[in-house]
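As structure tokens, the structure follows; a few thoughts come after it.
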Amino acid sequence: MPTTQPTPNGSGRNDSGWSKCPPGALVATGARLRSAERGRRLRAATLGASLCGTLAVCVALGLLWSDRSAVKEIVCSACTPRFAQYAAHLQGAPMDAAEAAAVAHHLSYCPLCRPKFQQQYPGLLTEASRERHPHYPLAQNAILGK
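According to the working numbering, the sequence shown is numbered sequentially starting from 171.
Below is the structure:
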């Protein structure tokens with residue numbers, strides 16, 4: 171490192187154009203840089219903690235507000251073997267409530283299973299709709315998908 175030699179005019183500059191630092195200037199600059207780095211890290215940690223907290227709250231609220239009594243979704247291959255049992259259920263035979271609800275839900279929207287069920291058990295969905303919703307004639311259309 172080049173040393174600073176006093177020049178004839180007494181400016182304290184050497185040939186490279188650098189001048190002497192006042193005592194303690196480098197220590198103060200280092201302290202300022204360390205403080206700025208600590209602040210940057212603290213802001214990053216605070217932001218990360220805030221995002222994690224927000225995510226945790228959103229997940230917790232989602233679990234609290236989710237419909238735990240929602241009907242279990244079933245696929246066609248699980249629905250069609252239950253047609254006979256569900257048809258008997260619609261006529262008064264016992265059937266597990268969750269299973270019956272799953273089949274009814276599937277039949278309410280599936281464009282493949284609903285016609286098959288109606289072909290095997292004509293009028294049964296219409297009858298069941300009338301019995302369950304006597305004051306709401308549009309329920310038949312909802313169940314039959316019309």
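All C-beta atoms, glycine included, are put in the ideal place defined by N, C-alpha and C.
| Item | Value |
| --- | --- |
| Is it buried or exposed, Leu260, if we count other Cβ atoms within 10 angstroms and call 16 or more buried? | buried |
| When you compare the CB positions of Leu294 and Ala257, do they come within less than 8 Å of one another, or not? | yes |
| Taking Cys246 as the reference, which of Ala215, Val273, Tyr291 and Asp266 has the closest Cα? | Val273 |
| Quick check on Lys190: does DSSP put it in helix, strand or coil? | coil |
| Suppose the cutoff is 7 Å on Cβ atoms and the five residues either side in sequence are ignored; what does the same chain contact list for Arg210 look like? | none |
| Please report the distance separating the alpha-carbon of Ala267 from that of Lys242. | 11 Å |
| Please classify Cys283: is it buried, with 16 or more other beta-carbons within 10 angstroms of its beta-carbon, or exposed? | buried |
| Quick one: is Arg202 buried, meaning 16 or more other Cβ sit within 10 Å of its Cβ, or exposed? | exposed |
| By DSSP, does Cys280 sit in helix, in strand, or in coil? | coil |
| Starting from Arg213, trace the alpha helix (DSSP H) in both directions and tell me its first and last residue. | Ala195 to Trp235 |
| Could you work out which residue in Ala270, Phe253, Met265 and Glu269 is closest to Pro116 when comparing CA atoms only? | One cannot answer for residue 116 here, as it falls past the ends of the chain, which runs 171 to 316. |
| Is it right to say Pro304 is buried, meaning 16 or more other beta carbons lie within 10 angstroms of its own, or is it exposed? | Caution applies to Pro304, whose pLDDT of 49 falls short of 50 and renders its modelled position unreliable; the value that the coordinates give is listed next. Classification for Pro304: exposed. |
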